[in-house]
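Participant:
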Amino acid sequence: MHPNALLELATELLHRVLQFKQPADNIVSDFFREHRALGSRERHTLAETTYTVLRQRLLFQHLAQSGKGEMERRLAILAWQGNEGFLRAALSEPEQHWIAQVQAVDRSALPEKLRHNLPEWLAERLHAELGEDFWPFVESMNAAAPLDLRVNTFKAKRDEVRAALAAAGVAAEPTPFSPMGLRIQGKPALHKLDVFTRGDVEVQDEGSQLLALMVDAKRGEMVVDFCAGAGGKTLALGAAMRNTGRLYAFDTSGHRLAALKPRLARSGLSNVYPVQIAHERDDRIKRLAGKIDRVLVDAPCSGLGTLRRNPDMKWRQTPDAVEELRVKQAAILASAARLLKPGGRLVYATCSLLGVENEAIADAFTEANRATFRPLAADEVLAAAHVEGAQALVRHGFLRLWPHRHGTDGFFAAVWQRS
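The working numbering puts the first residue of the sequence shown at 483, with every later residue one more than the last.
(1) Here's the rule: buried if 16 or more other CB atoms are within 10 angstroms of the residue's CB, otherwise exposed. What is residue 667?
(2) Check whether the region 684–704 touches the region 879–898, taking contact to mean three or more Cβ pairs, one atom from each stretch, closer than 8 Å.
(3) Return the CA-CA distance between residue 584 and residue 866, expressed in angstroms with no decimal places.
(4) Going by C-alpha to C-alpha distance, which of 831, 521, 696, 901 sits closest to residue 853?
(5) Along the chain, which unbroken stretches of the alpha helix (DSSP H) at least 4 residues long are found entirely within the region 763–820?
(6) Please determine whether the Cβ atom of residue 648 lies at a distance below 7 Å from any heavy atom of the ligand GTP.
(7) Go ahead and pull the three-state DSSP assignment for residue 704.
(8) Among 877, 782, 527, 856, which has the Cα closest to the Cα of residue 833?
(9) Where do the ends of the beta strand (DSSP E) carrying residue 882 lie?
(10) Between residue 779 and residue 697, which are expected to be in contact by the criterion C-beta below 8 Å, what is the C-beta distance as a whole number of angstroms?
(11) At what residues does the beta strand (DSSP E) containing residue 823 begin and finish?
(12) Go to residue 898, then tell me how far its beta strand (DSSP E) extends in each direction, as first and last residue.
(13) Could you have a look at residue 871 and say whether DSSP puts it in helix, strand or coil?
(14) In three-state terms, what does DSSP make of residue 665?
(15) Rounded to whole angstroms, what's the CA-CA distance from residue 810 to residue 510? Just pull it up for me.
(16) Determine, using beta carbons only, whether residue 695 comes closer than 8 Å to chain B.
(17) Please classify residue 756 as buried or exposed, where buried requires at least 16 other C-beta atoms within 10 Å of its C-beta.
(18) Measure the C-alpha to C-alpha separation of residue 747 and residue 683 and round it to an integer number of angstroms.
(19) Leaving out five residues on either side along the sequence, give the residues of the same chain with a beta carbon under 8 Å from the beta carbon of residue 591.
(20) Can you tell me where the alpha helix (DSSP H) holding residue 524 begins and where it ends?
(21) Label residue 744 either buried or exposed according to how many other C-beta atoms from any shown protein chain fall within 10 Å of its C-beta, with 16 as the threshold for buried.
(22) With C-beta atoms as the reference, is residue 540 less than 8 Å away from residue 624?
(23) Classify residue 587: buried if its beta carbon has 16 or more other beta carbons within 10 angstroms, exposed otherwise.
(24) Could you check which residue in 815, 693, 496, 622 has the C-alpha nearest to that of residue 881?
(25) Please identify the residue among 863, 545, 537 whose C-alpha is closest to the C-alpha of residue 627.
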């Protein structure tokens, strides 16, 4: 493809993504479906350029002001993640002159907001949360996340899967904390490998694996994944139960539950019952009240813990939206708690970085349910699940994961036992 044609496609893709009407990954996928003739290298360049703009949008918009022509084109040039010689062939002479000037700018001398590339409200909250760890966190957000796999322990062992990946030319290292995880650098075509198609592995961030381990689902139990989504944690729970008992996967979205079906088929599990519910007070939930051994509430949240993968999230979230989510989170947790029988375990989790969605929700639940629910220390729960170095993952008795500290997405979890 001619360099200028690819740059024009990058410009068009950015124009769509920067309207923030939908998640960026959906828009990029739709765009690639429209342009089926694109090769894998061209797709890679377009995707990486788009995500670089999303990560550093404030900086690039500032630098782009000195140029001429369409704003999205200037942003694409600044973020270009392909061959530089290829890009130069697409640029006019004034553009080449402009980009040379921009590259000479000392970025370390720019104002803070152009270096952290976060909306002001979010930067303030994270500064308060992290203190001097704020800048290492910002740096980690601009690095690509590794690819983590969870070994399906119902079917396979980690060493065997690692050896099978190596034989296919894919180097994988054991994850530092999760005993069932493998970490891969780069983006190999996993879906073409036998280990994937026969269901020995699933793509799942190490932090997400740790949440499933905290539930500690056992053989023959009744377990509920209350906000199952596409079912990554559901599958981990089903494997922990050795395909026995009953595992209910609740979600309000039929679309998300449909995405679980092919994964379920690969996994070999037959103890999973996907159930679409209308809301957290649905009659199908009420019928199970007081009957369930373990409940995982992976609550709908701001998703700010996934900024390495979804950098558009920081521009699409607002303080008002977070406030609405808090109300929903408290309601969902209260409803889910009613399912547990005496001695049962409740886990509340989010992939948020914000205390208001995490510790504040957990503390309020503990306060309101002192007679019926006893908080459990997350480090003890993790250690019992054979997680190495559990102490480093916990703050104030809660699981608290950060990309710059733990190499995972940002996660939170609180655990209680019903008296």
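Idealized CB from N, CA, C, for every residue including glycine. This one's a predicted model, so the numbers in the text were calculated from it and none came from an experiment.
Facilitator: Taking the geometry as given:
(1) exposed
(2) yes
(3) 54 Å
(4) 901
(5) 765–768, 795–798, 801–819
(6) This structure lacks the ligand GTP; in fact it carries no ligand of any kind.
(7) strand
(8) 782
(9) 880–883
(10) Not a contact, Cβ separation roughly 10 Å.
(11) 822–832
(12) 893–900
(13) coil
(14) strand
(15) 30 Å
(16) Absent from the structure: chain B. Only one protein chain is present.
(17) buried
(18) 13 Å
(19) none
(20) 522–537
(21) exposed
(22) no
(23) exposed
(24) 693
(25) 537
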